[in-house]
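Working notes, beginning with the structure itself.
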Amino acid sequence: MVTHTDRPAPLGRAEATTHDGESARDVYDRSSLRGDFMVMIAGQTPEDFERYAPESRYCDYIDGIVYMPSPATDRHQDQVGFLFDLLNGFRCERGGGAVRMGPAVLRLSDQWQPEPDLFVRPGEEAGQPRPPCLLVIEILSPSTRNHDLGPKLSVYKASGIPEIWLFDERDRTVIVERQVGDGYRREQRTEGRLDSTALPGYWLDVAWLWADPLPNPRRCLERILAGPPA
């Protein structure tokens, strides 16, 4: 099933299912599709996802359904690369953990295998229980908006990820979900400084993500490492 997202629409379930090697690859192939869309393939197993999902394209596996959005735009990838440079530069200077960007899989369980735009894994600390990742970042797009704010966000929260950032360029807003006790508290930022609670000392200026062209990441990293402005 292909859901076009020129106009936001609720996500449905796909009926196309196959376990034949050749036809399965065809089902997972989106090369002929144009526009903003979300392909959903139901009845899939973790093994199907591992075997047939294209390594170079974003895909999510959630509760037996593979979600495959339209290819990312240049703008989207520029924003992801910019944030990766900031996060990885911060990690290199301050140590700990690892930064990954899509289409790397965040394996939360056999049935929950999303591919965030960016995520930060915790460092290895003997004897310390750690969450599967510290911070997840998604950049909303027309084809992923409903999915990122719906089933994907639900999976992140059910897995106990401490902090989730969702950048919405359409509304120039950052949606922040932070774990508080047994639940989550939502905040929305349209401007100013955004501080991470999961990565102490890491912050950014929300306006950086809306700039076109994007600012020099090295200069922004220098500001981050110098500490937030008073």
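Reminder that position 118 of the sequence shown reads as 102 in this note's numbering, one-by-one numbering, no gaps.
Note that CB positions come from ideal geometry on N, CA and C, so glycine has one too.
Computed from a prediction, not measured in an experiment: that's the story for all the values here.
If distances are taken between C-alpha atoms only, which option among C76, E99, L205, E147 comes closest to P38? E99
For H3, which of helix, strand or coil comes out of DSSP? Summary for H3: the model assigns pLDDT 45, below 50, so the residue's position carries little reliability; its value from the coordinates is reported in the next sentence. Reduced to three states, the DSSP call for H3 is coil.
If you compare alpha carbons, which of I159, P115, Q97, D166 is closest to R129? I159
Following the continuous beta strand (DSSP E) through E161, name the residue where it begins and the one where it ends. 157 to 164
Determine the direct distance from the alpha carbon of R84 to that of F68, and round the result to whole angstroms. 8 Å
Can you tell me which residues form a DSSP beta bridge with A82? R105
Enumerate in chain order the residues of its own chain whose CB-to-CB distance from G81 is below 7 Å, with the five nearest sequence positions on each side excluded. R75, V104, R105, P106, G107, L118
Can you find the residues in the same chain that come closer than 6 Å, C-beta to C-beta, to R173, ignoring five residues on each side of it along the sequence? V158, V190
Out of L70, S143, K136, E175, which one is the CA nearest neighbour of L124? K136
To the nearest angstrom, report how far apart I49 and Y42 are at their CA atoms. 14 Å
Straight-line gap, T57 to D20 (C-alpha atoms, nearest Å): 10 Å
For N200 and G176, the rounded distance between their alpha carbons: 18 Å
Taking only runs that begin and end inside the segment 118 to 144, name each unbroken beta strand (DSSP E) of 3 or more residues, in chain order. 119 to 123
By the 10 Å Cβ neighbour count, where 16 or more other Cβ atoms means buried, how is L263 classified, buried or exposed? Because residue 263 is not part of the residues shown, which for the chain are -15 to 214, the question remains open.
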